[in-house]
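See below for the structure under consideration.
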């Protein structure tokens, strides 16, 4: 089974590599005007599979329920049964399943539909169990195959489509060599990015004018980010005694300027920390995103992505804080970096407060020009202090929303981090924390 599992993993890895290389190459297929086909769905040619498919929709979860299906209710504004929103608001989210929720209710459910998720997961589990059972229970057609017929299937004739390398032994899939093989394959996956020559030209011009200030900090913000900032709609959510301000989905490290993915979060976090301390005199309290706040965030995302692309050639490589700092010392100026240490994001033992992040983040309100760079499940987030408040910058996507600025009082940091954890859904509660200080 280990051999089969290993080879299936290789097939999937090859598939992901092909998908990455073929992004943007699939095309819409135009029907022949003389065709008499009654199928009016749009058709597309998928480059990776070399197949023509038509558009279909996923089944709605309530179609699988034999009793008490929870259909969208057109008579109410929020379908969430535990909705606690009492104030009038025009901020709603309508999902593909047609259920509608307050944005606050939607975020509280980790950007998932609380009605459809459970029955869909139950259906997936049932189909998986059925499939696994079919592997163990011979069907009528398979029972007619005799041992003699089976023995005629030569194991020396490889199926090149399903087994990338038949020479590997089962022990290979438990070895360090296999991990190195996978790491090398993933490191060499390059996702093509759309051209943005105008943006790159503006960044290069900015760097030439201010070589030690990559965000044109003499002017406060990057010119390109100022232009992108003109029509930004911000979603504000109050949760766990904290303020969460979400950029639209188009403003994140993975989507800025039409991108399709990014691993630049450590560079972006360091640029955000530097820019925040350089511009702190011009920044209002983070209770709402002013044009200056928005321009700082977008400028750092643009610059961080550019730096990562230059260093990696667009490959999906994550950087630790110390590695990123080594590449950015010339841009960041004088910076002091403390040793990284492992802690839990949220407290697991109230009797040991120093084991969780909230205990250490208090330092931000006590020391000037200090930032905390936190890495959890390959996501890097920046924390700073604004007066007596803790402020978090997160450049990643968050469901239907983009980058995030959040703030809370220092006394409420633990509750705040619990809300953050529910929002980003990390695989583990363990994280690493690094304090950096700018001159």
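Numbering (full-length UniProt numbering), first residue to last: 1 to 439.
For each residue, glycine too, the CB sits at the ideal point set by N, CA and C.
Our two residues, residue 421 and residue 106, have alpha carbons roughly 15 Å apart in a direct line.
One alpha carbon belongs to residue 267, the other to residue 6, and they sit about 34 Å apart. Restricting attention to 357, 354, 3 and 288, the CA atom closest to the CA of residue 172 is found in 3. Counted as a single uninterrupted DSSP element, the beta strand (DSSP E) harbouring residue 52 occupies residues 51-54.
A contact is defined here as three or more CB-CB pairs under 8 Å, and the stretch 401-415 meets this definition with respect to the stretch 236-251. Separation of residue 92 and residue 81 (C-alpha to C-alpha, rounded to the nearest whole angstrom) is 15 Å. Distance from residue 370 to residue 417 at the Cβ level is roughly 18 Å; contact not present, criterion being Cβ atoms closer than 8 Å.
Excluding residues up to 5 positions away in sequence, 300, 303 and 304 lie with their Cβ nearer than 6 Å to the Cβ of residue 271 in the same chain. Using a Cβ distance threshold of 8 Å, residue 17 and residue 185 count as a contacting pair. Residue 26 is a Cβ neighbour of residue 47, given a cutoff of 8 Å. In the pairwise beta carbon analysis, the stretch 420-435 is classified as not touching the stretch 305-319: fewer than three pairs are separated by under 8 Å. Cβ contact annotation for residue 234 (same chain, cutoff 6 Å, sequence separation greater than five): 245 and 289, in chain order. Looking at the DSSP output, residue 407 shares a beta bridge with 243 and 391. Annotated three-state conformation of residue 22 is coil, per DSSP. Rounded to whole angstroms, the separation of the alpha carbons of residue 419 and residue 348 is 15 Å. If you look at residue 308, you'll find it in the alpha helix (DSSP H) that goes 291-312. In this structure, 405 is the residue among 133, 125, 405 and 283 with its C-alpha nearest to the C-alpha of residue 383. Listed as beta-bridge partners of residue 341 by DSSP are 433. Judged by DSSP in its simplified three-state form, residue 8 adopts helix. Distances from the CA of residue 425 to each of 260, 397, 436 and 393 were compared; the closest alpha carbon is that of 397. The beta-carbon distance between residue 413 and residue 390, rounded to whole angstroms, is 6 Å. This is short enough to meet the 8 Å contact definition.
For residue 108, there is no enclosing beta strand (DSSP E); the residue is part of the alpha helix (DSSP H) that begins and ends at 103-108. Excluding residues up to 5 positions away in sequence, 264 and 267 lie with their Cβ nearer than 6 Å to the Cβ of residue 308 in the same chain.
DSSP places residue 86 in the coil class of the three-state scheme, outside both helix and strand.
Annotated as distal: residue 44 and residue 79, with beta-carbon spacing of 8 Å or more.
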